[in-house]
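One structure below.
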Amino acid sequence: MQELHAILEALEDSQRAGKTAILATVVQVEGSAYRRPGARMLMTEDGWRAGSVSGGCLESDLLERAWPLTATGEAALVSYDTTDESDAVLGVGVGCRGVVRILVERLAPGRQPDAVAFLADCLRRRQGGALVTIIARDGAVGAAVGARLLLHADGRVAGDIPDARLAALAEQDARSALASGRPAVRVYSLPAGTATAFIEAVRPPVPLVIFGAGQDALPVVRLAKDLGWHVTVVDARAAFATRARFPQADEVLACTPEAIPQRVRLDPETVALIMTHSYLQDQRLLGVLLPSPVRYLGILGPKSRTQRLLSDLAAQGAVWTEGQLERVYAPVGLDIGADGPEEIALAVLAEIRAVLAGRAGGPLRQRSSPIHQEGLGEVAMEPRARGAEASRKGEGLACGRSAS
Numbered sequence: 005m006q007e008l009h010a011i012l013e014a015l016e017d018s019q020r021a022g023k024t025a026i027l028a029t030v031v032q033v034e035g036s037a038y039r040r041p042g043a044r045m046l047m048t049e050d051g052w053r054a055g056s057v058s059g060g061c062l063e064s065d066l067l068e069r070a071w072p073l074t075a076t077g078e079a080a081l082v083s084y085d086t087t088d089e090s091d092a093v094l095g096v097g098v099g100c101r102g103v104v105r106i107l108v109e110r111l112a113p114g115r116q117p118d119a120v121a122f123l124a125d126c127l128r129r130r131q132g133g134a135l136v137t138i139i140a141r142d143g144a145v146g147a148a149v150g151a152r153l154l155l156h157a158d159g160r161v162a163g164d165i166p167d168a169r170l171a172a173l174a175e176q177d178a179r180s181a182l183a184s185g186r187p188a189v190r191v192y193s194l195p196a197g198t199a200t201a202f203i204e205a206v207r208p209p210v211p212l213v214i215f216g217a218g219q220d221a222l223p224v225v226r227l228a229k230d231l232g233w234h235v236t237v238v239d240a241r242a243a244f245a246t247r248a249r250f251p252q253a254d255e256v257l258a259c260t261p262e263a264i265p266q267r268v269r270l271d272p273e274t275v276a277l278i279m280t281h282s283y284l285q286d287q288r289l290l291g292v293l294l295p296s297p298v299r300y301l302g303i304l305g306p307k308s309r310t311q312r313l314l315s316d317l318a319a320q321g322a323v324w325t326e327g328q329l330e331r332v333y334a335p336v337g338l339d340i341g342a343d344g345p346e347e348i349a350l351a352v353l354a355e356i357r358a359v360l361a362g363r364a365g366g367p368l369r370q371r372s373s374p375i376h377q378e379g380l381g382e383v384a385m386e387p388r389a390r391g392a393e394a395s396r397k398g399e400g401l402a403c404g405r406s407a408s
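The numbers in this note's numbering rise by one with no breaks, and the one at position 335 of the sequence shown is 339.
Now the structure itself:
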């Protein structure tokens, strides 16, 4: 999410300066690749400005190819195929055995494209959404490469896909992507031909709420903001919960535990971290947060301390379900031998990221299955077909990551 922030800021700067920019988006990956579908990069005549589409090995070549490919103002699809290990591209042997397809679009100064405005709106509102982008077509399909359907979190639909049947199919897939959070590539078979689309879910920044404004909360805030998360710091002590102390936080609240439900947004997407270093404060906070719908609840301190907190709450009549207890992570953080506030912050946020991704957080070399989820091959909604691809095979190189 931090990357998207950087791209939007760079685009705003370039448009303010009257410069044309190109937005590159990874729309499909087959095999091994460093970045996954949805990764973006912004380029101007000055060069690479923000974001990335690989580990640094595609960007220079893409910068050269994107300008002539989009000279007419139409979007184009660029393909980098590294499955042939005998190829040596740009003087470098590849061996990554992957195919990366990237959509490049020219953005004229003075006009913010609908898709960019949509992404910015999702970030500003902290809401999700879904995009369906036509990346290839064959025949007389009534939709240009780069045409889109935009689905807002509140159900509103916009876009510039003129073919009514195609738009209806795209909306159906957009709603599925919004619900599942998973990207996909679809090939739609229509009376006039075929259209290939990239369906992408836009997720809002991870909402992290830190309860406790002590010294050790500072590196947690810094690292979480580096990740692009939305960070709220809450403490009952007004002298500690100040903007001057946490300038990077999105929100800083002086708030008692009892007032939290009215003042702090706690929903199924929220991740909460208790680190007040006060047993009584932690007890009151746990009594409020445990029955809440938060997705993750981390508690600083040894396991025995948390067990005592739960026992004391139970003695006071508190009741919770097994499902609620499963969301409690105590001691919080991955076992990386962390020592000191910065390393502990790293261990804590790494665990949160693993939980959100549904991963165990172990070494990648012990993983027997692919690092990234599968399921981005082309899947036909009707009779299977393949869309036209405006790109060339065997050009460029892609750095990949594979566990196998």
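Ideal Cβ positions, reconstructed from N, Cα and C, are used throughout, including at glycine.
- Take the alpha-carbon of residue 296 and the one of residue 32: they are about 38 Å apart.
- Fully contained in the segment 218-288 are the following beta strand (DSSP E) runs of length 3 or more, in chain order: 234-239, 255-258, 275-278.
- Under the three-state reduction of DSSP, residue 36 is assigned to coil, being neither helix nor strand.
- Where residue 345 is concerned, the enclosing alpha helix (DSSP H) starts and stops at 345-361.
- Taking every protein chain shown into account, the CB of residue 325 has fewer than 16 other CB atoms within 10 angstroms, so this residue is exposed.
- Restricting attention to 182, 153, 274, 218, the CA atom closest to the CA of residue 209 is found in 274.
- The C-alpha of residue 361 is placed about 21 Å away from the C-alpha of residue 202.
- In this structure residue 239 is buried. Its beta-carbon is surrounded by 16 or more other beta-carbon atoms within 10 angstroms.
- In the three-state reduction of the DSSP assignment, residue 340 falls in the coil class, being assigned neither a helical nor a strand state.
- Spatial neighbours of residue 56 in its own chain (CB-CB distance under 6 Å, excluding positions within 5 residues in sequence) are listed in chain order as 45.
- Distance between residue 124 and residue 352, taken at the CA atoms: about 29 Å.
- Taking residue 344 as the centre and dropping the five residues before and after it, the same chain places no C-beta closer than 7 Å to its C-beta.
- Per DSSP, reduced to three states, the secondary structure at residue 177 is helical.
- Inter-segment contact for the segment 65-81 and the segment 22-42 is present: three or more beta-carbon pairs are separated by less than 8 Å.
- Here residue 110 is bridged, per DSSP, to 26.
- Relative to residue 184, the option among 276, 233, 134 whose CA is nearest is 134.
- Distance from the CA atom of residue 60 to the CA atom of residue 241, rounded to whole angstroms, is 46 Å.
- In this structure, residue 251 lies away from residue 130, with their beta-carbon atoms at least 9 Å apart.
- Only buried fits residue 278, as 16 or more other CB atoms lie within 10 angstroms of its CB.
- DSSP places residue 327 within a helical segment (H, G or I) once states are collapsed to three.
- Residue 268 is classed as buried because its beta carbon has at least 16 other beta carbons within 10 Å across all chains shown.
- Inter-residue distance for residue 220 and residue 248 is about 16 Å (C-alpha atoms, whole angstroms).
- The beta carbon of residue 169 lies closer than 7 Å to those of 194 in the same chain, with the five residues before and after it left out.
- Within the same chain, and ignoring the five residues on either side of residue 364 in sequence, the residues whose Cβ sits closer than 8 Å to its Cβ are 358.
- Spatial neighbours of residue 226 in its own chain (CB-CB distance under 7 Å, excluding positions within 5 residues in sequence) are listed in chain order as 252.
- With respect to the C-alpha of residue 224, the residue from 83, 347, 84 having the closest C-alpha is 347.
- Residue pairing from DSSP places residue 215 in a beta bridge opposite 238, 278.
- By the C-beta criterion, the segment 101-110 is judged to be in contact with the segment 75-87, since at least 3 inter-stretch pairs fall below 8 Å.
- Residue 16 and residue 323 have their C-alpha atoms spaced approximately 51 Å apart.
- Look at the segment 127-204 and you find these whole runs of beta strand (DSSP E), each 3 residues long or longer: 133-143, 152-156, 161-163, 188-194.
- Listed as beta-bridge partners of residue 48 by DSSP are 25, 51.
- Distance from the CA atom of residue 126 to the CA atom of residue 319, rounded to whole angstroms, is 44 Å.
- A Cβ-Cβ contact shorter than 9 Å links residue 302 with residue 334.
- Where residue 80 is concerned, the enclosing beta strand (DSSP E) starts and stops at 80-85.
- For residue 270, the CB contacts under 7 Å within the same chain, skipping 5 residues up- and downstream, are 296, 297, 298 in chain order.
- DSSP lists 32, 83 as the beta-bridge partner residues of residue 105.
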